[in-house]
Amino acid sequence: MSPVLAGVLQLLALMGALALAHVPVGTYMARVYSSKRHLRVEKWIYRGIGADPDTEMTWPAYLRGVLAFSAVGVLFLYLLQRAQGVLPGSLGFGPVGPAQSFNTAVSFVTNTNWQSYYGEQTMGHVVQTAGLAVQNFVSAAVGMAVAVALVRGFARSRTGGLGNFWSDLVRGTLRILLPAATIAALVLAARGVIQNFSGIHEVGRFAGGTQEWNGGAVASQEAIKVLGTNGGGYFNANSAHPFENPTPFTNLFQIFLILVIPFSLTRTFGVMAGSLRQGYAVLATMVTIWLGFVSLMMWTEFAHHGPAPQAAGGAMEGKELRFGIGGSSIFAVSTTLTSTGAVDSFHSSFTGLGGGITLLGMMLGEIAPGGVGSGLYGMLVMAVIAVFIAGLMVGRTPEYLGKKIGAREMKLAACYLLITPALVLVLTAASVALPTPPHSMLNSGAHGFSEVLYAFTSASNNNGSAFAGLNANTDWYNTMTGLAMLLGRFLPMVFVLALAGSLAGQRPVPVTAGTLRTDKPLFSGLLVGAVLIVTGLTYFPALALGPLAEGLA
């Protein structure tokens, strides 16, 4: 079988599996967040934290819950890393340094999972399982809760209530992520992913020394790593490591786990908003962008430019033979069009244009389908901008799902749209212009610039993947990427929840002959255009200096 045909068949199998899961998973999540019943274990948790799950929260109260919970998570994970030297199961590793502890704590709490360290040489079993794996669950649940709050803002009218953050958080964790991750972990363990708490083993002796590997609860952490669009690997090689991702089946299964909840949340949106066709319109937009990016990536990596790619049948540098170009291309696009950041190949080794595709996927805001929760609320904000553009064209007050999009709503949407590009471009410029940060660049010229641009694009968009070649374990990059992750995660949430509160307080507008139908293919096309033009062109000068210059050289 040719590599191209193998890649196409993998893509078709993945799309079929996602199509089968879309309706049951999306409908189930809508029922979870709409249910009035609390499970017994949930009641115990509410009593333990002193929360009333039936109290409706306004958007400022909902935001305070998000920020308070996340702040406690950062503090706990920071202290856990600093105390690692006295913890059981530390594998002999000492405490993690202050700058790296801060960076890692922020990284996992913000659902970024940026890693400037070697996991198998830095973190013991307790920090990996009680710290990092726990945040993989709850950070994903926070993103889903914010998305559901925005959906309620569209669905409700003349009310200030957006639901209860603590209830949404606990339900998302216990009823959705935990059971799904358990099943996924069993599948991964059955297909060869390791799951143990063994110590460090010597696996080989060489002239220069020895090679050692440690075990770990990898299957369980791998499952929630991809299901919750987290991305932090147990080992430095991430999903390219055979302990994490041993076979082509596990590779395709991990891609499925990355995409299943973000794509299915569009069904959840349609059910909760009372219009399945609105959900399908958003889904069509996401699928169009995702499929277009996958096609472009496969074309660039199979194009055979140069003698080495011609001899290998494609650009095989930096890719695992067991996955091939097709599997690596699908994984790379899926992980950068979501906030996952897991990698099964080195993006720095992709062709110049291929590396640019991974960058552009993050720059679009990771909304096709995006992260767990963050992809849906990001796309809905873009839908607000799209209907505003349509309203300007016809001279009519824009409306979306029966809500008027006025000056307040557009200001909030614009602030959401501008915050991430500002972080990326300002921090990249500072890292290139200052005298010390460029010393971390392995390469010079366009590729070296792409390394820095990729780092801050990944951090600010809460993706977490790295371009490789950049030494990010310095005080500058640990601090600056940490700030980028914090601001890139929580400032957009402020604007999303404020927008949800503004929409929920409105009186619904009746549909008339002049109302733009947002459940039609025409609107999906307009939304695709808005995403590519409004957000994509923001970064065009930076892309021209990096991957485009390299790809066209």
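The numbering of the sequence shown is our numbering, which starts it at 84 and goes up by one.
No residue lacks a Cβ here, since even glycine has one placed at the ideal position from N, Cα and C.
_Within a Cβ cutoff of 8 angstroms, which residues of the same chain sit near Phe280, ignoring the five residues on either side of it in sequence?_
Here residue 280 refers to the residue found at position 197 when the sequence shown is read from its first residue. Taken in chain order, the residues that qualify are Gly172, His208, Gly298, Gly299, Ala300.
*Have a look at Ala188, Phe550, Glu492 and flag the residue whose alpha-carbon is nearest the alpha-carbon of Gln589.*
The sequence position of residue 589 within the sequence shown is 506, counting from 1. With distances taken between Cα atoms, Gln589 lies closest to Glu492.
*For His35, the nearest candidate out of Gly131, Asp137, Gly109 (CA to CA)*: The question about residue 35 has no answer here: the residues shown for the chain are numbered 84 through 636.
*Within 10 angstroms of its Cβ, does Leu443 collect 16 or more other Cβ (buried), or is it exposed?*
As a first step, residue 443 is located in the sequence shown; it is residue number 360 there, counting from the start. By the neighbour-count rule (16 or more Cβ atoms within 10 Å), Leu443 is buried.
*Of all the beta strand (DSSP E) runs that stay within the bounds of the region 321-365, which reach a length of 3 or more residues?*
none
*Determine the burial state of Ala627: buried for a count of at least 16 other Cβ atoms within 10 Å of its Cβ, exposed for fewer.*
Position 544 of the sequence shown, counting from 1, holds the residue named residue 627. When all chains shown are included, Ala627 counts as exposed.
*For the alpha helix (DSSP H) containing Glu125, list its first residue and its last residue.*
Residue 125 sits at position 42 when you count from the first residue of the sequence shown. Start and end: 123-132.
*Taking Asp251 and Asn328 to be in contact with their CB atoms under 8 angstroms, please state how far apart those CB atoms are, rounded to whole angstroms.*
Stepping through the sequence shown from its first residue, residue 251 is reached at position 168. Stepping through the sequence shown from its first residue, residue 328 is reached at position 245. Actually they are not in contact, since the Cβ atoms of Asp251 and Asn328 sit about 31 angstroms apart, beyond 8 angstroms.
*Around the C-beta of Asn554, are 16 or more other C-beta atoms found within 10 angstroms, so that it is buried, or is it exposed?*
Taking the first residue of the sequence shown as 1, we reach residue 554 at position 471. Label assigned to Asn554: exposed.
*Of the choices Phe532, Ala512, Ile450, whose alpha-carbon is the least far from that of Gly552?*
Your numbering for residue 552 matches position 469 in the sequence shown. Minimum Cα distance to Gly552 is reached at Phe532.
*Output the boundary residues of the beta strand (DSSP E) element that contains Gln164.*
For the purposes of this step, residue 164 is taken as residue 81 along the sequence shown, with counting starting at 1. Segment 142-165 is the alpha helix (DSSP H) holding Gln164; no beta strand (DSSP E) there.
*To the nearest angstrom, how far is it from the Cα of Gly244 to the Cα of Ala587?*
Taking the sequence shown and counting its residues from 1, one reaches residue 244 at position 161. Taking the sequence shown and counting its residues from 1, one reaches residue 587 at position 504. One C-alpha to the other measures close to 7 angstroms.
_Contact set for Ala268: own chain, Cβ-Cβ below 7 angstroms, skip 5 residues either direction_ = Your numbering for residue 268 matches position 185 in the sequence shown. Ala302, Ser303, Ala306.
*State buried or exposed for Ser85, treating a residue as buried only when at least 16 other CB atoms are found within 10 Å of its CB.*
If you number the sequence shown from 1, residue 85 lands on position 2. Answer is exposed; the Cβ neighbour count stays below 16.
*Take Ala174 and list the residues in its own chain whose beta-carbon comes closer than 8 angstroms to its own, dropping the five residues that flank it on each side.*
What you label residue 174 is simply residue 91 of the sequence shown in a count that begins at 1. The residue you asked about is not Ala; residue 174 is Leu in the sequence shown. If we look at Leu174 and ignore the five residues flanking it on each side, its Cβ neighbours are Gly207, His208, Gly282, Ile283, Asn297.
*Quick one: using the 10 Å Cβ neighbour count with 16 as the cut-off for buried, is Ser527 buried or exposed?*
If you number the sequence shown from 1, residue 527 lands on position 444. It counts as exposed.
_To test your reading of the DSSP string, which unbroken beta strand (DSSP E) runs of 3 or more residues are found completely within the region 421-491?_
none
*Answer with yes or no whether the minimum CB distance from Gly99 to chain D is below 7 angstroms.*
Chain labels in this structure do not include chain D; a single protein chain is all it has.
*Could you give the distance in angstroms between the alpha-carbon of Ser153 and the alpha-carbon of Phe159?*
Residue numbering aside, residue 153 sits at position 70 when the sequence shown is read from its first letter. Residue numbering aside, residue 159 sits at position 76 when the sequence shown is read from its first letter. Distance between the alpha carbons of Ser153 and Phe159 is about 10 angstroms.
*Considering only the beta carbon of each residue, do Gly226 and Val455 sit closer than 7 angstroms?*
The residue given as residue 226 occupies position 143 in the sequence shown. The residue given as residue 455 occupies position 372 in the sequence shown. Yes, Cβ-Cβ distance for Gly226 and Val455 is below 7 angstroms.
*Inspect the CB distances between the region 471-487 and the region 558-574 and report whether three or more fall short of 8 angstroms.*
no
*Tell me whether the beta-carbon of Val614 lies closer than 7 angstroms to the beta-carbon of Ser347.*
Numbered from 1 along the sequence shown, position 531 holds the residue referred to as residue 614. Numbered from 1 along the sequence shown, position 264 holds the residue referred to as residue 347. Not closer than 7 angstroms, so no.
*Three-state secondary structure (DSSP) at Gln294?*
Working through the sequence shown from its first residue, we reach residue 294 at position 211. Correct three-state label for Gln294: strand.
*Which value, in whole angstroms, describes the spacing of the CA atoms of Gly478 and Ala497?*
Your numbering for residue 478 matches position 395 in the sequence shown. Your numbering for residue 497 matches position 414 in the sequence shown. For Gly478 and Ala497, the distance between alpha carbons rounds to 20 angstroms.
*N-terminal and C-terminal residue of the alpha helix (DSSP H) that Val403 is part of*: Here residue 403 corresponds to residue number 320 of the sequence shown, with the count starting at 1. Reading off the sequence, residue 403 comes out as Glu, not Val. From DSSP, Glu403 is part of no alpha helix (DSSP H); its letter is neither H nor E.
_Segment limits, alpha helix (DSSP H) that includes Pro178_ = Taking the first residue of the sequence shown as position 1, residue 178 is located at position 95. Where Pro178 is concerned, there is no enclosing alpha helix (DSSP H), given that its DSSP letter is neither H nor E.
*Ala306 lies in the alpha helix (DSSP H); which residues open and close that run?*
For the purposes of this step, residue 306 is identified with residue 223 of the sequence shown, where counting begins at 1. Per DSSP, Ala306 belongs to the alpha helix (DSSP H) from 301-310.
_Cβ contact (3+ pairs, closer than 8 angstroms) linking the region 90-99 and the region 327-342_ = yes
*Just the Cα atoms here: how many angstroms apart are Met563 and Leu463?*
Indexing the sequence shown from 1 puts residue 563 at position 480. Indexing the sequence shown from 1 puts residue 463 at position 380. So the alpha carbons of these two residues sit roughly 29 angstroms apart.
*Take the Cβ of Leu495 as the centre, count every other Cβ of all protein chains shown within 10 Å, and call the residue buried at 16 or more, exposed below.*
For the purposes of this step, residue 495 is identified with residue 412 of the sequence shown, where counting begins at 1. With 16 or more Cβ atoms within 10 Å of its Cβ, Leu495 is classed as buried.
*Please look up how many angstroms separate the CB atoms of Tyr460 and Leu146, rounded, as I've assumed it's under 8 angstroms.*
Here the question's residue 460 lines up with position 377 in the sequence shown. Here the question's residue 146 lines up with position 63 in the sequence shown. No, Tyr460 and Leu146 are not in contact; Cβ-Cβ is about 13 angstroms, not under 8 angstroms.
*asked:* Please state the DSSP three-state secondary structure of Glu139.
replied: The residue given as residue 139 occupies position 56 in the sequence shown. Glu139: coil per DSSP, three-state reduction.
*asked:* Quick check on DSSP: helix, strand or coil for Ile266?
replied: Here residue 266 refers to the residue found at position 183 when the sequence shown is read from its first residue. Helix.
*Return helix, strand or coil for Arg288, following the three-state DSSP convention.*
On the sequence shown, position 205 is the one that residue 288 refers to. Of the three classes helix, strand and coil, the one that applies to Arg288 here is strand, per DSSP.
_Rounded to the nearest angstrom, what separates Leu215 and Leu366 at their Cα positions?_
Taking the first residue of the sequence shown as 1, we reach residue 215 at position 132. Taking the first residue of the sequence shown as 1, we reach residue 366 at position 283. Their backbone Cα atoms lie some 31 angstroms apart in a straight line.
_DSSP has Met524 in a bridge; who is on the other side?_
Counted from its first residue, the sequence shown places residue 524 at position 441. Per DSSP, Leu553.
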